[in-house]
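Count along the sequence shown from 1, add 1190, and you get the number used in the working numbering.
Yeah, the Cβ is synthetic: ideal placement off N, Cα and C, and Gly gets one too.
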Amino acid sequence: QTCANIINIDFNFPESQFPYAFQAAKELIQIIFVREPNNRPSASECLLNEWLHHAGQYQISTTNLNNFIER
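See the structure below:
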């Protein structure tokens, strides 16, 4: 199932599993995971993302990580 989700670029951020997911992080993932390589941002463009500028300032709970991986 996980491989199929990756191949189909099928992902989401369920509130129950990502209650504190930051909008900027979600946006970064959404612009990176596109099928057409020419439509993906460059590494330099990714580094401009707001979430990366605040990395290390937040603690992220890993309580639901196993449930999410098993999805």
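Next item on the list: Can you grab the Cα-Cα spacing for the pair Arg-1225 / Ile-1199, in whole Å?
Entry: Here the question's residue 1225 lines up with position 35 in the sequence shown. Here the question's residue 1199 lines up with position 9 in the sequence shown. Looking at the two C-alpha atoms, the distance is approximately 7 Å.
Notebook entry, point to check: Rounded to whole angstroms, how far is the Cβ of Ile-1222 from the Cβ of Cys-1236, which I believe are closer than 8 Å?
Noted result: Your numbering for residue 1222 matches position 32 in the sequence shown. Your numbering for residue 1236 matches position 46 in the sequence shown. Between Ile-1222 and Cys-1236, the beta carbon gap of about 7 Å places them in contact (Cβ cut-off 8 Å).
Margin query: Measuring alpha carbon to alpha carbon, tell me which residue in Thr-1192, Asn-1239, Glu-1240 and Ser-1206 is nearest Thr-1252.
Written below: As a working note, residue 1252 is residue 62 in the sequence shown. Cα-wise, what sits closest to Thr-1252 is Ser-1206.
Margin query: Can you tell me whether Ala-1215 is buried or exposed? The criterion is at least 16 other CB atoms within 10 Å of its CB, across all chains shown.
Written below: Within the sequence shown, residue 1215 is the residue found at index 25, counting from 1. Label assigned to Ala-1215: buried.
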